[in-house]
Amino acid sequence: ASIANNRDFLASAAAQAIANMLWGFAKMEHTTKAAMALFRIVGLLFKPNGPMPRDISDFKPQELANMLWAFASVECKCPDIFRAAAKDVVTRLPAFDPRHISALVHAFAIG
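Take 961 as the starting number for the sequence shown in this note's numbering and just add one per residue.
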């Protein structure tokens, strides 16, 4: 997870790469110190007025659902990303399939 913990990399990485990386760590239940640091750094990317903000609307519905599921699954408390996602989903709701909405509801329920 060392390259993934590089803030410059995460600030410019493709949304799909970030979502897939987090999903993979969560799916493998990989919750080492380094993996959890990755989750915290990604979470900070969505902090309002943060040092390297990412636009959550860059994430396609599947990517957003996977990313939030990953945060919830590893029990990484990061309210900024969930707040940003909630605002974004409301504005893009027609783009979300039932499977995306289901995954998001699950993530919000356990996250």
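From the three backbone atoms N, C-alpha and C, an ideal C-beta is built for every residue, glycine too.
Boundaries of the alpha helix (DSSP H) in which residue i is found, first to last residue
| i | result |
| --- | --- |
| Ala-1045 | 1039–1052 |
| Lys-1007 | Neither: Lys-1007 is in no alpha helix (DSSP H) and is coded neither H nor E. |
| Val-1065 | 1058–1070 |
| Ala-986 | 975–987 |
Which of helix, strand or coil DSSP assigns to residue i
| i | result |
| --- | --- |
| Asp-1018 | helix |
| Arg-993 | According to the sequence shown, residue 993 is Lys rather than Arg. In the structure shown, Lys-993 sits in a helix (DSSP, three-state: H, G or I). |
| Asn-966 | coil |
| Met-1027 | helix |
| Val-1034 | coil |
Alpha-carbon spacing of residue i relative to residue j, whole angstroms
| i | j | result |
| --- | --- | --- |
| Asn-966 | Pro-1054 | 34 Å |
| Ala-974 | Ala-1045 | 17 Å |
| Asp-1040 | Ala-995 | 19 Å |
| Asp-968 | Arg-1059 | 32 Å |
| Gly-1071 | Glu-1035 | 6 Å |
Other residues of its chain near residue i: CB distance less than 7 Å, five sequence neighbours each side excluded
| i | result |
| --- | --- |
| Ser-1033 | Ala-986 |
Contacts around residue i, its chain only, beta-carbon distance under 6 Å, and the 5 residues preceding and following it disregarded
| i | result |
| --- | --- |
| Ala-1063 | Ala-1025, Trp-1029 |
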